[in-house]
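Below is one structure, written out as structure tokens; the observations come after it.
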Amino acid sequence: MNFSYYNPTTIQFGEGQIKSIVNFIDKKQKVLVVYGGGSIKKNGVYEQVSKALEDYTWLEFGGIEPNPTVETLNKAVKLAKEDKIDFVLAVGGGSVIDGCKYIVASALYQNDAWDFLDGSASVQKALPMGAILTLPATGSESNNGAVVSKKATGEKRFFHSNLVFPKFAVLDPTTMSTLSDRQIANGLVDAFVHTCEQYITYPNSSLVHDGYAETLLKGLVSLADSWDNRNNPIWQENLMWIANQALNGLIGTGVPQDWATHMIGHELTAFYGIDHARSLAVVQPQLLRIMQDEKQEKLSQMGTNVFGIKDDNEAVIKKIENIYESIGVSTNLNDHNIDDQVISNITNALKSHGMVKMGEKGSITLEAVSQILTQAMK
Ligand code: NZQ
Ligand code: ZN
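Here the working numbering is used: the first residue of the sequence shown is 802, the next is one more, and so on.
This is the structure we're talking about:
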């Protein structure tokens, strides 16, 4: 093991924590509050934020869409530049938080900030930001990644920078009260796949990473098993904490990682508008089947340590599918609004984004992607 681990985000966890944001934002800073389509106005979050900021000068920018686009975000960037914003406060799910990461980096950049997404520039400076999370799923609230789309070209790309880590993240599970079953299920599946991307690879020497990943997976299995309790505060706080821990960098540091399910899933969302987690649920089980030989030791370890299944990797993959299906998330690509160009659309997009040797060993080729998608159309 040889790694450096950095995560500067302070987590403020629990009911009533929104008011604590004043401890992290200087009163002299001009704040831009950024949110999505309006859910925060239905669950009391907007009022709590307004109250906390009553002694501040602040502006707001609403309307960040799921899978945030540069077309919308650039309007917020313009506002941040013109009004000389000092601090950006993201209030929402992964899309709003990712959008704010783009905004804080772009506000101090003179050229077209898509450069960060197509890899032609890296972030050199950024405004400070904080996050108030309302949808546990992505882990974006305390990681350094952002996924941003461009309507004009139908692309969905990502960037990473330590400069866009939120200074703080408020995780108040009571904000989940207005979430639909669909969004709760999406969050559970996304967190499950994040853990798997950093775990179902090949054996490594780290007892800590494997042990913690297995704890997170077991937690998610138990939440899926107790799906009927999803409106119970203890259920919700567990999902919020597990989803955060699944992608705050810890379990992936110093171990092999896959992420091919995400790369394929992002293209499916870009072309067909499939919810992020639902794109993963159709890809991941088939990817595990196609890559079964390379992943056999970890699949078998997961079988033993997470599910109590011995020496039957197909049963492990079936169990994963059953978990998703049991909470209403389809594993069949044909349940989505696709067309007969799906395989060529996805493989061509991956090719143009340089994603031709994916996975922990670089062995997930475009041919493997074709097989995965073919099998996913059940
Ligand atoms: O826009 P509003 O009105 O807030 O409604 C949102 C949105 O319609 C709604 N919602 C959020 N909190 C709510 C709520 N509705 C009622 N009550 C609440 N408390 O949920 C809908 C979906 O929100 P979104 O933010 O899009 O969902 P999610 O958190 O799943 O984020 C998905 C985005 O994150 C990216 C995905 O690709 C996708 O663009 N990801 C970001 C990652 C990262 N930064 O590390 C990693 C992930 O793998 C992922 O790729
Ligand atoms: Zn994800």
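No residue lacks a Cβ here, since even glycine has one placed at the ideal position from N, Cα and C.
According to DSSP, is residue i helix, strand or coil?
i                  : result
tyrosine 903       : helix
glutamine 813      : strand
glycine 1163       : coil
tyrosine 836       : strand
isoleucine 1128    : coil
valine 1117        : helix
alanine 881        : helix
alanine 970        : strand
alanine 932        : strand
serine 1007        : coil
phenylalanine 1108 : helix
glycine 1066       : helix
glycine 895        : helix
proline 1086       : helix
lysine 852         : helix
arginine 1031      : coil
phenylalanine 1242 : Lying before the first or after the last residue shown, residue 1242 is absent from the chain, which here runs from 802 to 1179.
arginine 1173      : Sequence check: residue 1173 is isoleucine here, not arginine. If DSSP states are grouped into helix, strand and coil, isoleucine 1173 belongs with the helices.
glutamine 925      : coil
lysine 1096        : coil
asparagine 912     : coil
aspartate 1140     : coil
tyrosine 1000      : coil
glutamine 1058     : coil
glutamate 866      : coil
lysine 842         : helix
aspartate 1026     : helix
tyrosine 847       : helix
Can you give the beta carbon distance from residue i to residue j, rounded, assuming they're within the 8 angstroms contact cut?
i               : j               : result
glycine 893     : tyrosine 836    : 5 angstroms
threonine 935   : lysine 843      : Actually they are not in contact, since the Cβ atoms of threonine 935 and lysine 843 sit about 11 angstroms apart, beyond 8 angstroms.
glycine 940     : lysine 968      : With a Cβ gap of about 16 angstroms, glycine 940 and lysine 968 do not count as contacting.
leucine 874     : isoleucine 904  : 6 angstroms
asparagine 1045 : leucine 972     : 6 angstroms
glutamate 855   : valine 834      : Between valine 834 and glutamate 855 the Cβ distance is about 13 angstroms, and since that is not below 8 angstroms, they are no contact.
leucine 1151    : valine 1157     : 7 angstroms
glutamine 813   : serine 805      : Their Cβ separation, rounded to whole angstroms, is 25 angstroms, which puts glutamine 813 and serine 805 out of contact at 8 angstroms.
isoleucine 1065 : isoleucine 1173 : 7 angstroms
glutamate 1015  : valine 1107     : 6 angstroms
Would residue i be called buried (16 or more neighbouring beta carbons within 10 Å of its own) or exposed?
i               : result
lysine 1179     : exposed
glutamine 925   : exposed
proline 809     : exposed
glutamine 911   : exposed
lysine 828      : exposed
lysine 1099     : buried
glutamate 816   : exposed
valine 1117     : buried
leucine 1089    : buried
alanine 1025    : buried
methionine 1041 : buried
glutamate 1122  : buried
methionine 977  : buried
glutamate 1115  : exposed
glutamate 883   : exposed
valine 889      : buried
glycine 1109    : exposed
alanine 1047    : buried
glutamine 1155  : Contrary to the premise, residue 1155 reads as glycine rather than glutamine in this sequence. Exposed, since its Cβ has fewer than 16 Cβ neighbours within 10 Å.
asparagine 868  : buried
lysine 885      : exposed
methionine 1103 : buried
glycine 864     : exposed
glycine 900     : buried
leucine 989     : buried
lysine 1111     : exposed
Looking only at DSSP bridge pairs, what is residue i linked to?
i                 : result
methionine 1156   : Methionine 1156 is not bridged to any residue.
threonine 1016    : According to DSSP, threonine 1016 bridges with nothing at all.
tryptophan 859    : Val832
valine 871        : According to DSSP, which records beta bridges pairwise, valine 871 is partnered with nothing at all.
lysine 951        : Glu956
phenylalanine 888 : Val832
histidine 961     : Gly946
*Using 8 angstroms as the threshold, is the segment 1014-1021 in touch with the segment 899-916, meaning 3 or more CB pairs across them?*
no
_Under 8 angstroms: do the segment 958-974 and the segment 1004-1017 share three or more Cβ pairs, one atom per stretch?_
no
_Any contact between the segment 1027-1043 and the segment 1093-1100? By contact I mean 3 or more CB pairs, one from each, below 8 angstroms._
no
*On the three-pair Cβ rule with 8 angstroms, is the segment 976-989 touching the segment 945-955?*
no
*Do the segment 1050-1060 and the segment 1127-1145 meet, that is, are 3 or more Cβ pairs less than 8 angstroms apart?*
no
_When you compare the segment 1065-1079 with the segment 869-888, are there three or more beta-carbon pairs, one atom per stretch, that lie closer than 8 angstroms?_
no
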